[in-house]
Amino acid sequence: MAFTTDKMNKESTMPAVVSDVSLKKEIKENNNSQFSKSAEETAIYLSLLGDRQQLGSDPNYTRSVMVQLINMVRTTALEYHLKMDDKLETLKESSLTIRNNTTASNLIIHINSAGKEVSEVITQLQVQKFPDLSKETERVHRAVNKIDPTIALKDQKEEIKEFFVSCGDAIKKMDLSRK
Numbered sequence: 045m046a047f048t049t050d051k052m053n054k055e056s057t058m059p060a061v062v063s064d065v066s067l068k069k070e071i072k073e074n075n076n077s078q079f080s081k082s083a084e085e086t087a088i089y090l091s092l093l094g095d096r097q098q099l100g101s102d103p104n105y106t107r108s109v110m111v112q113l114i115n116m117v118r119t120t121a122l123e124y125h126l127k128m129d130d131k132l133e134t135l136k137e138s139s140l141t142i143r144n145n146t147t148a149s150n151l152i153i154h155i156n157s158a159g160k161e162v163s164e165v166i167t168q169l170q171v172q173k174f175p176d177l178s179k180e181t182e183r184v185h186r187a188v189n190k191i192d193p194t195i196a197l198k199d200q201k202e203e204i205k206e207f208f209v210s211c212g213d214a215i216k217k218m219d220l221s222r223k
């Protein structure tokens with residue numbers, strides 16, 4: 045998915061949010077592929093992070109990155125059969141809300157709440173499947189806790205960047221550690 049910076053309809057550049065059933069089907073179909081579905085979602089996410097100057101400055105860009113982050117985390121959790129169905133359902137609903145029903149002024153609230161859910165899932169992945177990656181999950185946890193939902197998005201650009209980058213680094217290391 046290529047992201048454009050021109051003033052297009054937000055729907056045209058926004059990652060899709062799919063059901064767990066569809067994700068599980070894609071994961072199963074991808075089993076014989078050289079790359080896992082989570083590796084594919086991670087690559088899309090990391091490519092979206094390419095223009096870090098827009099994180100926190102451009103609400104539509106930031107919204108797209110958050111939706112893709114949730115897609116990446118949900119896919120990785122499902123691939124590793126993480127037993128967190130309620131949490132993954134909550135993340136999917138958060139992603140739909142962020143994608144379709146946020147404004148620039150309330151986006152930070154949704155990033156903060158969904159970010160905490162993302163942090164919990166990444167931590168459970170680390171604890172259950174990647175015990176050597178505790179530093180990465182601690183970094184994600186610290187980063188999300190620095191995001192203040194009462195301060196405007198544009199005034200927390202560095203905190204937003206650190207959160208998104210730390211999540212990408214953690215999942216990328218999990219993908220690279222895959223056995």
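Numbering (our numbering), first residue to last: 45 to 223.
Note that CB positions come from ideal geometry on N, CA and C, so glycine has one too.
Given the structure is predicted, the values throughout are model-derived calculations rather than measurements.
Counted as a single uninterrupted DSSP element, the alpha helix (DSSP H) harbouring LYS216 occupies residues 201-220. ARG118: member of the alpha helix (DSSP H) spanning 103-123, first to last residue. A residue is called buried once 16 or more other Cβ atoms fall within 10 Å of its Cβ, and ILE114 is buried on that count. Counting of Cβ neighbours within 10 angstroms places GLY94 among the exposed residues, the total staying below 16. When only Cα atoms are considered, GLY212 and THR147 end up about 24 Å apart. Cβ neighbours of PHE207 within its own chain (closer than 7 Å, five residues either side excluded): GLY159, ALA187, VAL188 and ILE191. Between the beta-carbon of LEU135 and that of GLU161 there is about 5 Å, and that keeps the pair under the 8 Å contact cut.
One alpha carbon belongs to LYS173, the other to LEU90, and they sit about 22 Å apart. Setting aside the 5 residues that flank it on each side, ASP219 is surrounded in the same chain by SER80, SER82, ALA83, THR86 and THR120, each with a C-beta closer than 8 Å to its C-beta; the list follows chain order. Per DSSP, SER163 is one residue of the alpha helix (DSSP H) stretching across 151-173. In this structure SER139 touches VAL111 by the C-beta definition: roughly 5 Å separates them, less than 8 Å. The C-alpha of GLN97 lies about 25 Å from the C-alpha of VAL61.
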